[in-house]
Amino acid sequence: MSGPQKIRLRQDGPERLVGPAFPEGPERTFGGVFIGQGLAAAEAEPGEHEAHALHATFLRPGDATKETTWTVETLRAGRSFTVRVADAYQDDRHVFRATVSLQRPGDPGPAHEAPIPEVPGPKELAGQGAGAGDVADWDPDWERLDALTDRPDELAFWFRYRGAEEFATPAEARAGLAFFSDYGLLGTALGPHPGARVQQASLDHSLWLFSTPRLGDWHLYSCVSPRAGDGRALCRGHIHDASGRLVAAVAQEGLTRTLRD
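Letter by letter, the sequence shown follows residues 1 to 261 in full-length UniProt numbering.
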């Protein structure tokens, strides 16, 4: 299944959308599937507004072998902003909810952004003999190239989409980045705790989109975990393109509960 196919929804009646199963992935639905499909559901209705923020809660584990039914409710439809809630169900079980804000592009205002971290670029890393690998053995469409960081609570890696089928529209590209944003982030919390045996799962996820990505180009995902404790960990991330532009910001709290012997 290609990257776009994972987040592409089909209409099923006037008020429902259906997302495909992803049995090639983990037994429990990879969180990025829900995040990407949720953003796609919120942007399914045509209009001039574009998604700029998503705030999501994982309510129950998903079954990767089953399709996901989506309903979307518009909470506010304004001139500048629209807010929609996308709810996901499997076998009538409510598994995920995303609140998505969309904005009409072009509003003026002061501008600044965090600079890209000073890490070797993909060409420099390749020149040093570093080889790119798959982000996950069950998802070879995404390529990853690790960049070293100085602190155990930080993680940085370059990534790009290399699948045969491209993301066809800007909305699909935004949903594709939302899908990817769940990769690697929670693992940052285990850097200071090598060898820790924990149960991991995403609890909630926030994504802010500043521009539409070109996912076939290299992007840097720089992550940090400022706190872990009580069986939970907080992780934050910035996604820059290779020119240094900040494309997105991410925050997530996840389960990191010690496994019982």
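The beta carbon of each residue, even a glycine, is placed where N, CA and C say it ideally should be.
From this set, Ala-64, Leu-186, Thr-99, Pro-61, which residue's C-alpha is nearest Arg-76's C-alpha?
-> Within the sequence shown, the letter at position 76 stands for residue 76. Minimum Cα distance to Arg-76 is reached at Thr-99.
Candidates Leu-234, Phe-210, Arg-257, of which the one nearest Ala-249 by Cα | As a working note, residue 249 is residue 249 in the sequence shown. Of the listed residues, the one whose Cα sits closest to Ala-249 is Phe-210.
Roughly how far, in whole angstroms, is the beta-carbon of Gly-176 from the beta-carbon of Gly-38, given that I think they are within contact range, below 8 angstroms?
-> As a first step, residue 176 is located in the sequence shown; it is residue number 176 there, counting from the start. As a first step, residue 38 is located in the sequence shown; it is residue number 38 there, counting from the start. Not a contact, Cβ separation roughly 13 angstroms.
Have a look at the DSSP bridge pairing and note the partners of Gln-103.
-> If you number the sequence shown from 1, residue 103 lands on position 103. Paired residue(s): Glu-50, Phe-81.
Between Gly-19 and the rest of its own chain, which residues show a CB-CB distance below 7 angstroms, the 5 nearest in sequence each way excluded?
-> Here residue 19 is taken as the residue at index 19 of the sequence shown, counted from 1. So the list reads Leu-9, Gln-37, Glu-67, Thr-68, Trp-70, once near-sequence residues are dropped.
Close beta carbons around Thr-149, own chain, < 6 angstroms, minus the five adjacent residues each side | Taking the sequence shown and counting its residues from 1, the one referred to as residue 149 is at position 149. Only Ala-156 meet the Cβ criterion.
With 16 as the cutoff for other CB atoms within 10 Å, does Trp-158 come out buried or exposed?
-> Numbered from 1 along the sequence shown, position 158 holds the residue referred to as residue 158. Classification of Trp-158: buried, given that the 10 Å Cβ count is 16 or more.
Report the three-state DSSP secondary structure of Phe-179 (helix, strand or coil).
-> Indexing the sequence shown from 1 puts residue 179 at position 179. Looking at Phe-179 - three-state DSSP - the assignment turns out to be helix.
Bridge partner(s) assigned by DSSP for Gln-252 = Start at 1 with the first residue of the sequence shown, and residue 252 comes out as number 252. For Gln-252, which the question treats as bridged, DSSP gives the partners His-205, Cys-235.
Close beta carbons around Gly-31, own chain, < 6 angstroms, minus the five adjacent residues each side | In the sequence shown, residue 31 corresponds to position 31, counting from 1. So the list reads Asp-182, Ser-202, once near-sequence residues are dropped.
Count the other CB atoms within 10 Å of the CB of Trp-138; is the residue buried (16 or more) or exposed (fewer)?
-> The sequence position of residue 138 within the sequence shown is 138, counting from 1. Looking at its Cβ environment, which holds fewer than 16 other Cβ atoms inside 10 Å, Trp-138 is exposed.
Rounded C-beta distance between Ala-51 and Glu-43? I'm assuming under 8 angstroms.
-> As a first step, residue 51 is located in the sequence shown; it is residue number 51 there, counting from the start. As a first step, residue 43 is located in the sequence shown; it is residue number 43 there, counting from the start. Confirmed, Cβ separation roughly 5 angstroms.
Taking Asp-241 as the reference, give the member of Pro-122, His-55, Leu-186 with the closest Cα.
-> Taking the sequence shown and counting its residues from 1, one reaches residue 241 at position 241. For the residues Pro-122, His-55, Leu-186, the minimum Cα distance to Asp-241 belongs to Pro-122.
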